[in-house]
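Below is one structure, written out as structure tokens, with a few remarks after it.
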Amino acid sequence: MAKATQQVFSFSDDKTETWILDAATPKDTIVAQSGRVGVTITDTLGVNKPAHVVGQFSISGYNRPGVSLEDVDNVPNGKFAVQVAVDGVYEFAGVKVTIAGGVDAPTTTANHTPVYVTSDGSLTLESASNTKVGRVVYPPTYTKAAGKLPIAIGL
Numbered sequence: 006m007a008k009a010t011q012q013v014f015s016f017s018d019d020k021t022e023t024w025i026l027d028a029a030t031p032k033d034t035i036v037a038q039s040g041r042v043g044v045t046i047t048d049t050l051g052v053n054k055p056a057h058v059v060g061q062f063s064i065s066g067y068n069r070p071g072v073s074l075e076d077v078d079n080v081p082n083g084k085f086a087v088q089v090a091v092d093g094v095y096e097f098a099g100v101k102v103t104i105a106g107g108v109d110a111p112t113t114t115a116n117h118t119p120v121y122v123t124s125d126g127s128l129t130l131e132s133a134s135n136t137k138v139g140r141v142v143y144p145p146t147y148t149k150a151a152g153k154l155p156i157a158i159g160l
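Shown next as structure tokens:
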């Protein structure tokens, strides 16, 4: 699934939900469940982090980052609980006009244009057979770039 490059406007704390996912999922990833779309607030248990190099020291990756929800009741074996924001505005790169064409969404993409996620997790402006993620919402001072859009989740 698509991963946000940054949060543009915060989500509402009272609109977060706990979802059960099939795979370990990193923070800021678009997830879909029962026709609804949200963005993960933390990493799930089991997300591997890369090693970091600080000067001459290497800090090895670890396998238990963030705030996991392993204590949530009724999580089936092999599934992962995660807190999900169902609103807020996140910036995503790699948004395509159509998946088949592979052309980045242009800087002329209009405010409030709907954005969709495909079954393989790619973001597109093409609605056919795809799930709506939200709409483009440009902040007043936003620097536009091809393929990069601020998306209001759930609109």
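Numbering (my numbering), first residue to last: 6 to 160. Cβ atoms here follow ideal geometry from the backbone N, Cα and C, with glycine treated the same way.
Contact check, residue i vs residue j, beta carbons under 7 Å
i, j, result
"VAL5", "ALA29", "The structure shown does not extend to residue 5, since the chain spans only 6 to 160, so no value can be given for it."
"VAL42", "VAL138", "yes"
"ALA86", "PHE16", "no"
"VAL44", "ILE158", "yes"
"PHE14", "VAL94", "yes"
"GLN88", "ILE46", "yes"
Residues sharing a beta bridge with residue i, DSSP
i, result
"ASP109", "LYS101"
"GLY93", "The partner list for GLY93 (beta bridge, DSSP) is empty, contrary to what the question assumes."
"VAL58", "SER63"
"ALA150", "LYS153"
Residue range of the unbroken beta strand (DSSP E) whose run includes residue i
i, result
"SER132", "From DSSP, SER132 is part of no beta strand (DSSP E); its letter is neither H nor E."
"SER63", "62-64"
"ILE46", "It is not in any beta strand (DSSP E) - ILE46 carries neither H nor E in the DSSP assignment."
"LYS137", "136-141"
"VAL14", "Checking the sequence, you will find Phe at residue 14 rather than Val. Unbroken beta strand (DSSP E) run through PHE14: 11-14."
"VAL120", "119-122"
"LEU26", "21-26"
"LEU154", "154-158"
Anticipated Cβ contact below 8 Å, residue i with residue j, distance rounded
i, j, result
"ALA205", "THR34", "The structure shown has nothing for residue 205, since the chain only spans 6 to 160."
"VAL100", "GLY152", "5 Å"
"GLY60", "THR136", "With a Cβ gap of about 44 Å, GLY60 and THR136 do not count as contacting."
Neighbourhood of residue i by C-beta, 7 Å cutoff - its chain only, sequence neighbours within 5 removed
i, result
"GLN38", "TRP24"
"LYS8", "PRO31, ASP33, THR34"
"THR112", "LYS149, ALA150, ALA151"
Beta-carbon proximity list for residue i, same chain, < 6 Å, skipping 5 on both sides
i, result
"HIS117", "ARG140"
"LYS20", "VAL91, ASP92"
"GLY126", "MET6, ALA7"
Close Cβ partners of residue i (< 8 Å) along its chain, the five nearest in sequence each way excluded
i, result
"LEU130", "VAL100, LYS101, VAL102, THR103, ALA110, THR114, THR118, PRO119, VAL120, TYR121"
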